[in-house]
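For the sequence shown, position 29 matches number 29 in my numbering, and the numbering has no gaps at all.
Have a look at the structure below before the remarks.
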Amino acid sequence: MLYQELAKPVRHFKEAERGQNQVSQTMEEYGKRIAIKVIGESALKMIARGKLTLEEIAEDLELPLKRMEELANLQPV
């Protein structure tokens, strides 16, 4: 391992089944957070561009219309 001071604590996660499950769960949660962030950023860009209605953006991004309206209210006028 590149950093020896991390080797011992990380070994637990690599070798123990419980540790592997914990790492898997953490990575899944991280992936979901990133996906939510990226979709939100995309929605804001699409709203700012103004070429689609909120309904169209919500449908394309598979978001509730209410969430699109909330994001639209964050845009500067």
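Each residue gets a CB set at the ideal place from its N, CA and C atoms; glycine is no exception.
Note that the structure is a prediction, hence the values are computed from the model and not measured.
Spatial distance of residue i from residue j (CA atoms)
i   : j   : result
T53 : E62 : 14 Å
Q20 : K51 : 46 Å
F13 : M27 : 13 Å
V10 : I39 : 32 Å
K32 : Q4  : 30 Å
E55 : A7  : 50 Å
R49 : A58 : 15 Å
D60 : S24 : 29 Å
CB of residue i within 8 Å of CB of residue j, strictly
i   : j   : result
L65 : L44 : no
Q75 : I36 : no
Member of the options whose CA lies at the smallest distance from the CA of residue i
i   : options          : result
S42 : M68, H12 and R11 : M68
Output the residue ranges of the alpha helix (DSSP H) runs that lie fully inside the region 27–63 and measure 4 residues or longer, sorted by chain position. 54–61
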